[in-house]
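Chemist: Here's a structure for you.
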Amino acid sequence: MAVSSPEGQGQFPLPKILTYPSSTPPTLITQGAEGRVYKTTHLDPSRPCILKYRPPKPYRHAILDARLTKERITAEAHVLARCAREGVPVPAVYATDPRAGWMMIEYIDGVPVRQAINEFLGKRPETDQEKVAAEETDNVPLIELLRRIGATVGGLHGTGNVHGDLTTSNMMLRPFSTTIAAEGSKARMVEGDVVLIDFGLATQSSSEEDRAVDLYVLERAFASTHPRAEKLFQHVLDAYEKSFKKAGAALAKLEDVRRRGRKKSMLG
Amino acid sequence: MALEKIQLDLVAPGQEILVAFFRDVSASASELLQKQLFARNPAFEYAFIDATSIISRAHLLSAVFNAVNAAATDSLRTPNVHSEIVISLGPNNNISDAYRRWGIQAGKTSNLIVVKVLPTTSSESDPSSPIPSSPEQVWAHLKEHLQGATATPLTDDELSKTTDWAAKIRKYYKLNGVPALDAIKDEVAKRKEMERMVIMAMALREL
Ligand SMILES: Nc1ncnc2c1ncn2[C@@H]1O[C@H](COP(=O)(O)OP(=O)(O)O)[C@@H](O)[C@H]1O
Ligand SMILES: [Mg+2]
Chain A
1 MAVSSPEGQG
11 QFPLPKILTY
21 PSSTPPTLIT
31 QGAEGRVYKT
41 THLDPSRPCI
51 LKYRPPKPYR
61 HAILDARLTK
71 ERITAEAHVL
81 ARCAREGVPV
91 PAVYATDPRA
101 GWMMIEYIDG
111 VPVRQAINEF
121 LGKRPETDQE
131 KVAAEETDNV
141 PLIELLRRIG
151 ATVGGLHGTG
161 NVHGDLTTSN
171 MMLRPFSTTI
181 AAEGSKARMV
191 EGDVVLIDFG
201 LATQSSSEED
211 RAVDLYVLER
221 AFASTHPRAE
231 KLFQHVLDAY
241 EKSFKKAGAA
251 LAKLEDVRRR
261 GRKKSMLG
Chain B
1001 MALEKIQLDL
1011 VAPGQEILVA
1021 FFRDVSASAS
1031 ELLQKQLFAR
1041 NPAFEYAFID
1051 ATSIISRAHL
1061 LSAVFNAVNA
1071 AATDSLRTPN
1081 VHSEIVISLG
1091 PNNNISDAYR
1101 RWGIQAGKTS
1111 NLIVVKVLPT
1121 TSSESDPSSP
1131 IPSSPEQVWA
1141 HLKEHLQGAT
1151 ATPLTDDELS
1161 KTTDWAAKIR
1171 KYYKLNGVPA
1181 LDAIKDEVAK
1191 RKEMERMVIM
1201 AMALREL
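So the sequence lines, in the order shown, correspond to chains A and B. So the first sequence is numbered by the numbering used here: it starts at 1 and just counts up by one. So the second sequence is numbered by the numbering used here: it starts at 1001 and just counts up by one.
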């Protein structure tokens, strides 16, 4: 299979809509298995947006392919709309064209939570004074972020939706409208509201099992993406527990899911 | 000329989007325009929109964008791009509802938005044709039929003066009892969030 080169943008034909005149040229952000993600604008430059495009798959029967594409875009847009109405922080949907294989969603001006956490962890205390302070208080801003993650995931689950692919890459950190931490400080790196993205695998569900699987996926992804902060993951779960009525039941189920996960990995 | 040419991102070339906004439209003018529209008189092929059902430029232009995209991809649900703009303002595919809620109302609409999508590739405009085919002709045509109305710049500020939130926006887009809105106390922030919900409802119209 062809692998994209860093300057691989020219390798893919743009979706037709992105070939039309625009005040800002589209840029390719990611190229995943399911599709491509571009940054572009909706209406005018004041409305930056993400265009998620699922190109036709030549190896799939054309009619079936068109139907699957349409169903997936429809499903993702519906979950986003449901979440938005319920007040779960997600990008707004600006426009959809399921026949052409794309949807435009609000651009979240921030960095993926993965990046924010890694930058935070990567920055070591420099002076002795900082080192002393670090032992005690260093992780406080990170812990606060983890608690916001737990609360946001709980908010999602509380509205009867599960995400299906919870990772710190599928969350954006949108800077608070009024910043709290000092400019350039470590705390500033992890400050902001957690906005959930990438609802391609999301479904409507209020089952404890589905919620627990969501948490388990996040827990495993977190451990492998942020091994240095693995022991802090409990803060996500603590905040989750307080975020909606049935959270306790989902956490109890998480124990089962973990046990099954361990068994499975032992059997290899 | 108070006709504004709108440059929208990601719209197929070969057409221009013209808009105008009139206040103090007389009852007889709105009656005439609606009559011509219903008679499908090609000279009156415009999107005539009642401005009290519109929140902002982004709200209006989202519908224009969706309609123009439908035309470019051969997926119009209605006879032409102008009727498609009206239906694109709604959250579903009910054409008569859309006309009643967003379209011009004979004798009632006094704040009127007009949108015209004009092909730029059309052959030389024929001055004797009754169908306006250049921005100048469109403007002259509108002025002729909207005598006494006040041409107004189509700005968010102007639009917000006549938006009917309670009886129209909240009702048409089912925004009452929406948790995301009820959680916001600040009125300005609440309206911004309503605009977001409205654009989203329009984006999901066909899904
Ligand atoms: N709404 C958005 N705002 C800002 N960046 C986004 C948005 N949606 C996606 N991205 C960026 O694009 C990346 C891939 O998007 P995602 O929806 O996760 O698609 P994929 O299925 O390819 O993982 C994200 O990790 C993020 O960096
Ligand atoms: Mg992703």
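Beta carbons are placed, not taken as given, at the ideal position from N, Cα and C, and that holds for glycine. Owing to the predicted nature of the structure, the values given are computational and were not obtained by experimental measurement.
Distance check for residue 231 of chain A and residue 199 of chain A, CA to CA, integer angstroms please.
Modeler: Cα to Cα, the separation comes out at about 27 angstroms.
Chemist: What are the residues that DSSP puts in a beta bridge with residue 1048 of chain B?
Modeler: DSSP, once it has assigned bridges, lists B:1114 as partnering residue 1048 of chain B.
Chemist: In this structure, how does DSSP classify residue 1103 of chain B when only helix, strand and coil are distinguished?
Modeler: If DSSP states are grouped into helix, strand and coil, residue 1103 of chain B belongs with the strands.
Chemist: For chain A, is any of its Cβ atoms less than 7 angstroms away from the one on residue 1008 of chain B?
Modeler: For residue 1008 of chain B, the answer is yes, since a Cβ of chain A falls inside 7 angstroms of its Cβ.
Chemist: Quick one: grab the DSSP three-state call for residue 3 of chain A.
Modeler: Caution applies to residue 3 of chain A, whose pLDDT of 40 falls short of 50 and renders its modelled position unreliable; the value that the coordinates give is listed next. Correct three-state label for residue 3 of chain A: coil.
Chemist: Please confirm whether residue 76 of chain A has its beta-carbon closer than 7 angstroms to some beta-carbon of chain B.
Modeler: So no, residue 76 of chain A is outside the interface.
Chemist: For a test of the three-state rule: what should DSSP assign to residue 264 of chain A, helix, strand or coil?
Modeler: Looking at residue 264 of chain A - three-state DSSP - the assignment turns out to be helix.
Chemist: Is residue 236 of chain A near ligand 1, going by C-beta to nearest heavy atom under 6 angstroms?
Modeler: Every heavy atom of ligand 1 is 6 angstroms or more from the Cβ of residue 236 of chain A, so no.
Chemist: Could you tell me how far apart the beta carbons of residue 48 of chain A and residue 39 of chain A are, in whole angstroms, since I believe they sit closer than 8 angstroms?
Modeler: Residue 48 of chain A to residue 39 of chain A, Cβ: 7 angstroms. Contact.
Chemist: Which runs of the alpha helix (DSSP H), 4 residues or longer, sit entirely within the segment 156 to 204 of chain A?
Modeler: Those alpha helix (DSSP H) runs which fall completely within the segment 156 to 204 of chain A and span 4+ residues are 186 to 189.
Chemist: Closer than 9 angstroms between beta carbons: that is the criterion. Which residues of the segment 1013 to 1046 of chain B meet it against chain A?
Modeler: Against chain A - using a Cβ distance shorter than 9 angstroms - the residues of the segment 1013 to 1046 of chain B are 1013.
Chemist: Quick one: give me the first and last residue of the beta strand (DSSP E) that residue 37 of chain A is part of.
Modeler: Residues 36 to 41.
Chemist: Give a yes or no on whether the C-beta atoms belonging to residue 247 of chain A and residue 208 of chain A are separated by under 7 angstroms.
Modeler: No, Cβ-Cβ distance for residue 247 of chain A and residue 208 of chain A is not below 7 angstroms.
Chemist: Expressed to the nearest angstrom, what Euclidean distance is found between the alpha-carbon atoms of residue 120 of chain A and residue 188 of chain A?
Modeler: For residue 120 of chain A and residue 188 of chain A, the distance between alpha carbons rounds to 9 angstroms.
Chemist: Taking 6 angstroms as the cut-off, does the CB of residue 198 of chain A come closer than this to any heavy atom belonging to ligand 2?
Modeler: Yes, since a heavy atom of ligand 2 falls inside the 6 angstroms radius drawn around the Cβ of residue 198 of chain A.
Chemist: Would you report the Cα separation of residue 1071 of chain B and residue 1009 of chain B, rounded to the nearest angstrom?
Modeler: Roughly 16 angstroms separates the two Cα atoms.
Chemist: Can you pull the DSSP bridge partners for residue 1150 of chain B?
Modeler: BP columns for residue 1150 of chain B point to B:1023.
Chemist: Is there at least one Cβ from chain B nearer than 7 angstroms to residue 247 of chain A's Cβ?
Modeler: Chain B, which has no Cβ nearer than 7 angstroms to the Cβ of residue 247 of chain A, makes this no.
Chemist: So that I know if they touch, is there some Cβ in chain B lying closer than 7 angstroms to that of residue 22 of chain A?
Modeler: Closer than 7 angstroms: yes.
Chemist: Within 6 angstroms: the Cβ of residue 105 of chain A and any heavy atom of ligand 1?
Modeler: Yes, the beta carbon of residue 105 of chain A sits closer than 6 angstroms to at least one heavy atom of ligand 1.
Chemist: Are three or more beta carbon pairs between the segment 1081 to 1091 of chain B and the segment 1184 to 1197 of chain B nearer than 8 angstroms?
Modeler: The segment 1081 to 1091 of chain B vs the segment 1184 to 1197 of chain B: no contact.
Chemist: Chain B partners of residue 43 of chain A, CB-CB under 8 angstroms?
Modeler: What residue 43 of chain A touches in chain B: 1008, 1009, 1058, 1061, 1062, 1065.
Chemist: Which chain A residues sit within Cβ distance under 8 angstroms of residue 1178 of chain B?
Modeler: Neighbours of residue 1178 of chain B on chain A, chain order: 85.
Chemist: Alpha carbons only, please: which of B:1053, B:1027, B:1062 is nearest the one belonging to residue 1017 of chain B?
Modeler: Answer by Cα proximity: B:1062.
Chemist: Please confirm whether residue 1207 of chain B has its beta-carbon closer than 7 angstroms to some beta-carbon of chain A.
Modeler: Judged by the 7 angstroms Cβ criterion, residue 1207 of chain B is in contact with chain A.
Chemist: For the beta strand (DSSP E) containing residue 102 of chain A, list its first residue and its last residue.
Modeler: 102 to 106 is the extent of the beta strand (DSSP E) around residue 102 of chain A.
Chemist: Looking at ligand 3, does it come within less than 6 angstroms of residue 170 of chain A, judged from the CB to the closest heavy atom?
Modeler: The ligand content of the structure shown is limited to ligand 1 and ligand 2, which means ligand 3 is not among them.
Chemist: Sorted by chain position, which residues of the same chain lie with C-beta nearer than 7 angstroms to residue 1052 of chain B's C-beta, five sequence neighbours on each side aside?
Modeler: So the qualifying residues of the chain are 1111, 1162, 1163, 1164, 1168.
Chemist: Under 6 angstroms: does the beta carbon of residue 1120 of chain B sit that close to some heavy atom of ligand 1?
Modeler: Result no, Cβ not under 6 angstroms from ligand 1.
Chemist: Between residue 1146 of chain B and chain A, is there a C-beta pair that is closer than 7 angstroms?
Modeler: Judged by the 7 angstroms Cβ criterion, residue 1146 of chain B is not in contact with chain A.
Chemist: When you compare the CB of residue 1274 of chain B with every CB in chain A, is at least one pair closer than 7 angstroms?
Modeler: Any property of residue 1274 of chain B remains undetermined from this structure, which presents chain B solely from 1001 to 1207.
Chemist: Ligand 1 heavy atoms versus the CB of residue 167 of chain A: any closer than 6 angstroms?
Modeler: Answer for residue 167 of chain A: no, Cβ out of range of ligand 1.
Chemist: Residues of chain A with a CB under 7 angstroms from the CB of residue 1075 of chain B: which are they?
Modeler: Simply 99.
Chemist: Do residue 1151 of chain B and residue 1002 of chain B have their CB atoms nearer than 7 angstroms?
Modeler: Cβ distance < 7 angstroms, so residue 1151 of chain B and residue 1002 of chain B count as in contact.
Chemist: Looking at residue 69 of chain A and residue 54 of chain A, is the spacing between their C-beta atoms short of 7 angstroms?
Modeler: Contact flag set, yes.
Chemist: Exposed or buried, residue 1188 of chain B, counting other C-beta atoms within 10 Å across all chains shown (16 or more means buried)?
Modeler: Exposed, by the Cβ-count rule.
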